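S.K.: Going down the list, the protein sequences come from chains X and Z.
Residues in the first sequence are numbered from 1 upward in steps of one, following UniProt numbering.
Residues in the second sequence are numbered from 1 upward in steps of one, following UniProt numbering.
Backbone N, C-alpha and C define an ideal beta-carbon position, used for all residues, glycine too.
Fair warning: this is a prediction, and the values are worked out from it, not measured in the lab.
Take this structure, written in structure tokens, and hold onto it; I'll ask about it next.
There are 2 protein chains.
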Amino acid sequence: LQPTQQIQPAPSITQPSVVVANPTPANTPATPQVHVSSSEPPTVGQLVSKSHSGGYDEDGINLEEIREFAKDFKIRRLSLGLTQTQVGQALTATEGPAYSQSAICRFEKLDITPKSAQKLKPVLEKWLNEAEMRNQEGQQNLMEFVGGEPSKKRKRRTSFTPQAVEALNTYFEKNALPTGQEITDIAKELNYDREVVRVWFCNRRQTLKNTSKLNVFQIP
Amino acid sequence: LQPTQQIQPAPSITQPSVVVANPTPANTPATPQVHVSSSEPPTVGQLVSKSHSGGYDEDGINLEEIREFAKDFKIRRLSLGLTQTQVGQALTATEGPAYSQSAICRFEKLDITPKSAQKLKPVLEKWLNEAEMRNQEGQQNLMEFVGGEPSKKRKRRTSFTPQAVEALNTYFEKNALPTGQEITDIAKELNYDREVVRVWFCNRRQTLKNTSKLNVFQIP
DNA sequence: TCCTCATGTATATACATGAGGATAC
DNA sequence: TATCCTCATGTATATACATGAGGG
């Protein structure tokens, strides 16, 4: 419920601050054992690979460095006001290796193997550096580099940490329609923008309604 | 674990059959009560609206008819070999109301209010009828109408029912690497294409590996 | 034929927007 | 006039299924 950082966007867009936080996996499967070779069929635990406490994996890849870069990349991308989609499209359009939005997403979330990450890192690093340079020469330049419209200055998507979501859900179950003051308190407690929290509740109520009407009697 | 239907595609594409099944919500919240007006803050149950057993909702909308159409729509869309994205783009390009991929998705899954569904239905119905007509005049015509490439004949995405996924997960936990025979049996049991089940296991293993390496130690 | 691995496309979900309407000042 | 709500619906992100190369 704490590790959030408020980032101010570099571009001129008047925007509420962005919240970027270290994603923290809720599940912590950590049974060792790397390969299966007994006569017994492999179970889930056996597939999950060993802990690498040194920060390096078996291929000598610096995991810590990659984690740091992934976080850094996201912050810088958002500061430039770019979406994963834009980065993906730009990479595909530009020279060099092409990647899709979901590839960028997986990289930022580290839902890839260290090897893939290691391979992607320099590509993204180079691209981002160039994008930042263009941006310094004016936002027009950046948009041209990225190959998109100036865009309608949409607020950047907040991403709540799993912990924050859990906390919000707990509040929601107790009271789905908090008062202004309660919203303020919750926002402060979780360290997110108040408006973002308010909208979260609106959306939550809406989803709940929508998914429980036409659907309910569908059990065939 | 049973309600699946094998649909053969209308177009000439040589493709394994598609599986379309009635999605069945796992959660069944059904506490009545429509509006909140006590001094107590509303809780989740109170937001969920009443059951409409007659098949009609309070606005006189025929829910049953909508459910049927939603299902029908999906089947026909897939038979034409179209994706939700294509439908969305086509609707946006054509005259008439525009809708996005996620709107189509929500319609098919019925994650919308009956009112919205009622409004969307004729739009989709009309569009689909036209698309089917074009298709009869040859697939070229359809693609032109949709406004896309002939596309690379990708297999259509299977969608497993929640029940099927649950069953698969249970098998997976017991044995993450089933033998050929086991796969065959599971596929038969669940009534899905064998290849699709095999790939499901491959993907499951991969996901498990990817999400438990770089990520595990990120708990900040 | 089947696996793993990298990575894509299609779909689903989460956050955002804006119109229209109550309150509550 | 300032909030805040609901509702329809969008965009951005995340996840699930698919593909294809390389290997045995």
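Extract the residue ranges of the alpha helix (DSSP H) inside the region 156-192 of chain X, only unbroken runs of 4 or more that lie entirely within it.
M.R.: Complete alpha helix (DSSP H) runs here, min 4: 162-174 and 180-190.
S.K.: Throw me the rounded Cβ distance for the residue 88 of chain Z and residue 100 of chain Z pair, which I believe falls under 8 angstroms.
M.R.: Mapped onto the second sequence, residue 88 of chain Z falls at position 88. Mapped onto the second sequence, residue 100 of chain Z falls at position 100. With a Cβ gap of about 5 angstroms, residue 88 of chain Z and residue 100 of chain Z count as contacting.
S.K.: Within this structure, are the beta carbons of residue 168 of chain Z and residue 200 of chain Z separated by less than 8 angstroms?
M.R.: As a position in the second sequence, residue 168 of chain Z is number 168, starting the count at 1. As a position in the second sequence, residue 200 of chain Z is number 200, starting the count at 1. Against a cut-off of 8 angstroms, the Cβ pair of residue 200 of chain Z and residue 168 of chain Z comes out as a contact.
S.K.: Using the three-state DSSP reduction, which class does residue 208 of chain X fall into: helix, strand or coil?
M.R.: Indexing the first sequence from 1 puts residue 208 of chain X at position 208. Correct three-state label for residue 208 of chain X: helix.
S.K.: Is it right to say residue 81 of chain X is buried, meaning 16 or more other beta carbons lie within 10 angstroms of its own, or is it exposed?
M.R.: Position 81 of the first sequence, counting from 1, holds the residue named residue 81 of chain X. With 16 or more Cβ atoms within 10 Å of its Cβ, residue 81 of chain X is classed as buried.
S.K.: Output yes or no for whether 8 angstroms exceeds the beta carbon distance between residue 114 of chain X and residue 66 of chain X.
M.R.: As a position in the first sequence, residue 114 of chain X is number 114, starting the count at 1. As a position in the first sequence, residue 66 of chain X is number 66, starting the count at 1. Yes, the Cβ-Cβ distance between residue 114 of chain X and residue 66 of chain X is below 8 angstroms.
S.K.: In chain X, what lies closer than 7 angstroms to residue 189 of chain Z by C-beta?
M.R.: In the second sequence, counting from the first residue as 1, residue 189 of chain Z sits at position 189. By Cβ distance, chain X contributes nothing, its closest Cβ being about 17 angstroms from residue 189 of chain Z, past 7 angstroms.
S.K.: Can we say the region 188-202 of chain X touches the region 154-165 of chain X, given the rule of at least three CB pairs closer than 8 angstroms?
M.R.: Yes: at least three Cβ pairs fall under 8 angstroms.
S.K.: What separation, rounded to the nearest whole angstrom, lies between the Cα atoms of residue 111 of chain Z and residue 207 of chain X?
M.R.: Residue 111 of chain Z sits at position 111 when you count from the first residue of the second sequence. Residue 207 of chain X sits at position 207 when you count from the first residue of the first sequence. Roughly 8 angstroms between the two C-alpha positions.
S.K.: Can a CB atom of chain Z be found closer than 8 angstroms to the CB of residue 225 of chain X?
M.R.: Missing from the structure shown is residue 225 of chain X; chain X here goes from 1 to 220 and no further.
S.K.: Give the straight-line distance between the Cα atoms of residue 188 of chain X and residue 203 of chain Z, rounded to the nearest whole angstrom.
M.R.: The sequence position of residue 188 of chain X within the first sequence is 188, counting from 1. The sequence position of residue 203 of chain Z within the second sequence is 203, counting from 1. Distance between the alpha carbons of residue 188 of chain X and residue 203 of chain Z is about 40 angstroms.
S.K.: Among all the DSSP beta bridges, which residues are the ones paired with residue 62 of chain Z?
M.R.: Sequence index remark: in the second sequence, residue 62 of chain Z carries index 62 (1-based). Per DSSP, Z/56.
S.K.: Nearest CA to the CA of residue 165 of chain X: which residue from X/196, X/156, X/180 and X/121?
M.R.: In the first sequence, counting from the first residue as 1, residue 165 of chain X sits at position 165. Here the closest residue by C-alpha is X/196.
S.K.: DSSP three-state label for residue 80 of chain Z, please.
M.R.: Position 80 of the second sequence, counted from the start, is the residue given in the question as residue 80 of chain Z. The answer is coil: DSSP assigns residue 80 of chain Z none of H, G, I, E or B.
S.K.: Given residue 146 of chain X, which residues of its chain have a CB within under 6 angstroms of its CB, disregarding the five upstream and five downstream residues?
M.R.: As a position in the first sequence, residue 146 of chain X is number 146, starting the count at 1. Counting only Cβ-Cβ distances below 6 angstroms, and skipping sequence neighbours, we find 86 and 90.
S.K.: Output yes or no for whether 8 angstroms exceeds the beta carbon distance between residue 134 of chain Z and residue 124 of chain Z.
M.R.: The residue labelled residue 134 of chain Z in the question sits at position 134 within the second sequence. The residue labelled residue 124 of chain Z in the question sits at position 124 within the second sequence. Going by C-beta atoms, residue 134 of chain Z is not nearer than 8 angstroms to residue 124 of chain Z.
S.K.: How long is the line joining the alpha carbons of residue 84 of chain X and residue 102 of chain Z, rounded to whole angstroms?
M.R.: The residue labelled residue 84 of chain X in the question sits at position 84 within the first sequence. The residue labelled residue 102 of chain Z in the question sits at position 102 within the second sequence. Their backbone Cα atoms lie some 18 angstroms apart in a straight line.
S.K.: Out of curiosity, what's the CA-to-CA distance linking residue 183 of chain X and residue 75 of chain X?
M.R.: Walking along the first sequence from the start, residue 183 of chain X turns up at place 183. Walking along the first sequence from the start, residue 75 of chain X turns up at place 75. Roughly 27 angstroms between the two C-alpha positions.
S.K.: Do you know offhand how far residue 118 of chain X's Cα is from residue 130 of chain X's?
M.R.: The residue labelled residue 118 of chain X in the question sits at position 118 within the first sequence. The residue labelled residue 130 of chain X in the question sits at position 130 within the first sequence. The straight-line gap from Cα to Cα measures roughly 19 angstroms.
S.K.: Are there 16 or more other CB atoms within 10 angstroms of the CB of residue 154 of chain X, so buried, or fewer, so exposed?
M.R.: Position 154 of the first sequence holds residue 154 of chain X. Label assigned to residue 154 of chain X: exposed.
S.K.: Check whether the Cβ atoms of residue 43 of chain X and residue 173 of chain Z sit closer than 8 angstroms, and answer yes or no.
M.R.: Here residue 43 of chain X refers to the residue found at position 43 of the first sequence. Here residue 173 of chain Z refers to the residue found at position 173 of the second sequence. Cβ distance < 8 angstroms, so residue 43 of chain X and residue 173 of chain Z count as in contact.
S.K.: With a threshold of 8 angstroms between beta carbons, is residue 200 of chain X in contact with chain Z?
M.R.: Against the first sequence, residue 200 of chain X aligns to sequence position 200. Output row for residue 200 of chain X: interface = no.
S.K.: Pick helix, strand or coil for residue 194 of chain X, following the three-state DSSP scheme.
M.R.: Taking the first sequence and counting its residues from 1, the one referred to as residue 194 of chain X is at position 194. Looking at residue 194 of chain X - three-state DSSP - the assignment turns out to be helix.
S.K.: According to DSSP, is residue 88 of chain X helix, strand or coil?
M.R.: One-based indexing of the first sequence puts residue 88 of chain X at position 88. In this structure, residue 88 of chain X counts as helix in the three-state DSSP scheme.
S.K.: Tell me whether the beta-carbon of residue 69 of chain X lies closer than 8 angstroms to the beta-carbon of residue 109 of chain X.
M.R.: Position 69 of the first sequence, counting from 1, holds the residue named residue 69 of chain X. Position 109 of the first sequence, counting from 1, holds the residue named residue 109 of chain X. Not closer than 8 angstroms, so no.
S.K.: Pick from X/94, X/72 and X/116: whose alpha carbon is nearest that of residue 211 of chain Z?
M.R.: The sequence position of residue 211 of chain Z within the second sequence is 211, counting from 1. Out of X/94, X/72 and X/116, X/116 has the C-alpha closest to the C-alpha of residue 211 of chain Z.
S.K.: Would you mind listing the alpha helix (DSSP H) stretches within the region 90-124 of chain X that are 4+ residues and don't spill past its ends, in chain order?
M.R.: List check, alpha helix (DSSP H) in window: 101-109.
S.K.: Use the C-beta contact count for residue 93 of chain X: other C-beta atoms within 10 angstroms, 16 or more gives buried, fewer gives exposed.
M.R.: Translated into positions along the first sequence, residue 93 of chain X becomes position 93. The residue is exposed, with fewer than 16 neighbouring Cβ atoms inside 10 Å.
S.K.: Between which two residues does the alpha helix (DSSP H) harbouring residue 144 of chain Z extend?
M.R.: Taking the first residue of the second sequence as position 1, residue 144 of chain Z is located at position 144. 139-146 is the extent of the alpha helix (DSSP H) around residue 144 of chain Z.
S.K.: Whole angstroms is fine: what's the gap from residue 180 of chain Z's alpha carbon to residue 209 of chain Z's?
M.R.: As a first step, residue 180 of chain Z must be located in the second sequence, where it is residue number 180. As a first step, residue 209 of chain Z must be located in the second sequence, where it is residue number 209. Residue 180 of chain Z and residue 209 of chain Z: Cα-Cα distance of roughly 22 angstroms.
S.K.: Got a sec? Which residues, its chain only, sit under 6 angstroms from residue 198 of chain X by beta carbon, not counting five neighbours each side?
M.R.: Taking the first sequence and counting its residues from 1, the one referred to as residue 198 of chain X is at position 198. Closer than 6 angstroms at the Cβ level, and outside the excluded window around residue 198 of chain X, lie 183.
S.K.: In this structure, does DSSP put residue 153 of chain X in helix, strand or coil?
M.R.: The residue given as residue 153 of chain X occupies position 153 in the first sequence. Residue 153 of chain X falls in the coil class under three-state DSSP.
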